[in-house]
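Position 10 (the sequence shown) corresponds to 11 in my numbering; numbering is contiguous. All residues carry an ideal CB built from backbone N, CA and C; glycine is no exception. As the structure is a prediction and not an experimental result, all values here were calculated from the model. These notes are about the structure you will find just below.
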Amino acid sequence: MRFPLVLPLAGAATLASFAAQAETVTVATVNNDDMIVMQSLTEEFEKSHPDINLEWVVLEENVLRQRLTTDVATQGGQFDVMTVGTYEVPIWAEYGWLTPLDDLPKSYAKDDLLKPIRQALSYKDSLYALPFYGESSMLYYRKDLFEQAGISMPEQPTWQQVEEWASKLNDPENGVYGICLRGKPGWGENMAFVSTLVNTYGGRWFDENWKPTIDSPAWHEAISFYVELMNKYGPPGATSNGFNENLALFAGGKCGMWVDATSAAGKLYDAEQSQVADTVGFAPAPVAKTPKGANWLWAWSLGIPTSSDAKQAAKTFITWATSEEYVKLVGQKEGWTNIPPGTRQSTYENPNYQQAAPFADFVLNAIQTADPNDPSAKPVPYTGVQYVGIPEFQAIGTQVGQMIAAALAEQRSVDQALSAAQRAAERTMRQAGYYD
Numbered sequence: 002m003r004f005p006l007v008l009p010l011a012g013a014a015t016l017a018s019f020a021a022q023a024e025t026v027t028v029a030t031v032n033n034d035d036m037i038v039m040q041s042l043t044e045e046f047e048k049s050h051p052d053i054n055l056e057w058v059v060l061e062e063n064v065l066r067q068r069l070t071t072d073v074a075t076q077g078g079q080f081d082v083m084t085v086g087t088y089e090v091p092i093w094a095e096y097g098w099l100t101p102l103d104d105l106p107k108s109y110a111k112d113d114l115l116k117p118i119r120q121a122l123s124y125k126d127s128l129y130a131l132p133f134y135g136e137s138s139m140l141y142y143r144k145d146l147f148e149q150a151g152i153s154m155p156e157q158p159t160w161q162q163v164e165e166w167a168s169k170l171n172d173p174e175n176g177v178y179g180i181c182l183r184g185k186p187g188w189g190e191n192m193a194f195v196s197t198l199v200n201t202y203g204g205r206w207f208d209e210n211w212k213p214t215i216d217s218p219a220w221h222e223a224i225s226f227y228v229e230l231m232n233k234y235g236p237p238g239a240t241s242n243g244f245n246e247n248l249a250l251f252a253g254g255k256c257g258m259w260v261d262a263t264s265a266a267g268k269l270y271d272a273e274q275s276q277v278a279d280t281v282g283f284a285p286a287p288v289a290k291t292p293k294g295a296n297w298l299w300a301w302s303l304g305i306p307t308s309s310d311a312k313q314a315a316k317t318f319i320t321w322a323t324s325e326e327y328v329k330l331v332g333q334k335e336g337w338t339n340i341p342p343g344t345r346q347s348t349y350e351n352p353n354y355q356q357a358a359p360f361a362d363f364v365l366n367a368i369q370t371a372d373p374n375d376p377s378a379k380p381v382p383y384t385g386v387q388y389v390g391i392p393e394f395q396a397i398g399t400q401v402g403q404m405i406a407a408a409l410a411e412q413r414s415v416d417q418a419l420s421a422a423q424r425a426a427e428r429t430m431r432q433a434g435y436y437d
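What follows is the structure, given as structure tokens:
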């Protein structure tokens, strides 16, 4: 009679002892939808890896970047997995802050990773982060509103056309704005979009000698256009709107058009998340004077800092979370429009995804044609479409983003904003030794 009591107690003790020995992996990530899904699947991972416990730190984009940069630079060791992008990875790899990922298991199928994304996350031919989702940028629009206004979307829209369409679609009395664009300041927030706008107007961040070119005719034309467009036809309070805020606005039927990341497409086509799922259309990112640099290239990715004391367990997790099997798991549990896109060729060959995602081939082409090595009509000494691949850009981009946001909020003129941005960039680059 005592055995039924003794056995469960012994089993419980054994399990408690095993759990106590489980290694904890602390994951820092951004509060985007795809990462929230990843966090929600913690139980799935821990069930198949009972020797690993996951702990999550989920932060808004600008805050995440500040926390991670401080921790990795000081070798603080707070995190075992860091969500980083194509900007940080080569720089941090060169500094020795990230763990190389050379000995991936054969089952991971590294060659299945899309080449532009794989290259962007490499340093000296070694991968230093694994892509969780990849993206370019595109134009989303409301097909129903376009039809009502008698507008036909051309194969390649221009920004001049976008302005004309925005004037026709703008209906603030009924809660619909002609266009939504990023306005929240940050090098990866408003400046991700603004940089592509400047590129297509023929501008660049630096000339061949690393001299900033912010106070230039191309920048003036691009930023003046942006400020006027948004103040005429954009939603109020646009300087508070980044990717997540604009996604919510468009999905809620508040925007006639939106130019942003291709990774939003799945959310907008999901009727459970989007009120406009049956009316959303898509087109290439608009161009102005040149098509060069009009659409960006980015991948939110998972890297392991060298300061981590749980590297092997962290590697087990990131290979799981970026695998083809994970993509299938999300497709089965959350629906195929909700899988993390833009990383694997197999995703775009999957019939389930092709059926659910009419935008799939379009997005794949946008990612494969974005060229971070040739982002501007004029020669540049840097790599990156919507950012500049140097350590100093994080500070410069954030400063310039704040000044552009001030111009958008009409707290200062475009001339004042760009003049101040130019001086700040020159000071930073001179102090960093790029020129005397």
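Nearest to Pro341 by alpha-carbon distance, out of Ala29, Asn200, Asp35, is Asp35. The count of Cβ pairs closer than 8 angstroms, one atom from the stretch 113–133 and one from the stretch 246–254, stays below three, leaving the stretches out of contact. Under DSSP, Pro132 forms a beta bridge with Ser302. Boundaries for Ile152: no beta strand (DSSP E) harbours it, and the DSSP string shows neither H nor E there.
Under a 10 Å Cβ-count criterion, Ser302 is classified as buried, with 16 or more other Cβ atoms of the shown protein chains found around its own Cβ. According to the DSSP assignment, Thr84 belongs to no alpha helix (DSSP H) but to the beta strand (DSSP E) extending over 82–85.
Within the same chain, and ignoring the five residues on either side of Leu65 in sequence, the residues whose Cβ sits closer than 6 angstroms to its Cβ are Val31.
Sequence-distant partners of Leu114 (beyond 5 residues in either direction) whose C-beta falls short of 7 angstroms from its own C-beta, in its chain, are Pro132, Thr344, Arg345.
In chain order, Pro158, Val163, Met258, Trp259, Val260, Phe283, Ala284, Pro285, Ala286, Pro287 place their CB closer than 8 angstroms to the CB of Leu140, counting only its own chain and leaving out the 5 sequence neighbours on each side.
By alpha-carbon distance to Gly189, the top candidate from Ala408, Gln387, Ala410, Met404 is Gln387. DSSP, read as helix, strand or coil, puts Ala284 in strand. Distance from the CA atom of Glu273 to the CA atom of Thr338, rounded to whole angstroms, is 11 angstroms. Scanning Ala421, Ser420, Val82, Trp299 for the CA closest to the CA of Gln369 turns up Trp299.
Here Asn366 is exposed, its C-beta having fewer than 16 other C-beta atoms within 10 Å.
Taking every protein chain shown into account, the CB of Gly135 has 16 or more other CB atoms within 10 angstroms, so this residue is buried.
Beta-bridge analysis with DSSP links Asn54 to Thr25.
Runs of the beta strand (DSSP E) lying entirely within the stretch 70–130 and spanning at least 3 residues, in chain order: 82–85. Within the stretch 242–288, the complete beta strand (DSSP E) runs of at least 3 residues fall at 258–262, 281–285. Annotated three-state conformation of Phe360 is coil, per DSSP.
Of all alpha-carbon atoms in Gln79, Pro91, Cys256, Tyr109, the one lying nearest the alpha-carbon of Ser324 is that of Tyr109.
The stretch 383–399 and the stretch 223–230 do not touch, with fewer than three beta-carbon pairs separated by less than 8 angstroms.
One Cα belongs to Pro101, the other to Pro392, and the distance between them is close to 19 angstroms. Judged by pairs of C-beta atoms under 8 angstroms, the stretch 372–379 does not touch the stretch 62–78, as fewer than three such pairs exist. Under the DSSP definition of a beta bridge, Pro213 partners with Phe207. Cβ-Cβ separation between Asp271 and Ala265: approximately 11 angstroms, too far for a contact (criterion under 8 angstroms).
Taking C-beta separations shorter than 6 angstroms and ignoring five residues to either side along the sequence, the partners of Gln79 in its chain run Asp72, following chain order.
Inter-segment contact for the stretch 145–159 and the stretch 302–319 is absent: fewer than three beta-carbon pairs are separated by less than 8 angstroms.
Arg143: member of the beta strand (DSSP E) spanning 138–143, first to last residue. Using a Cβ-Cβ distance cut-off of 8 angstroms, the stretch 415–426 and the stretch 214–226 are in contact, since at least three pairs of beta carbons, one from each stretch, lie closer than that value. In the three-state DSSP reduction, Tyr354 falls in the helix class (H, G or I).
The Cβ neighbour count for Tyr96, taken over all protein chains shown within 10 Å, is under 16; the residue is labelled exposed. DSSP places Val199 within a helical segment (H, G or I) once states are collapsed to three. When the beta-carbon positions are compared, Gly184 and Ser241 come within less than 9 angstroms of each other. Between the alpha carbons of Pro236 and Tyr142 lies a distance of about 15 angstroms. Ranked by how close their Cα comes to the Cα of Pro306, the residues Gln22, Ala23, Thr27 have Thr27 in first place.
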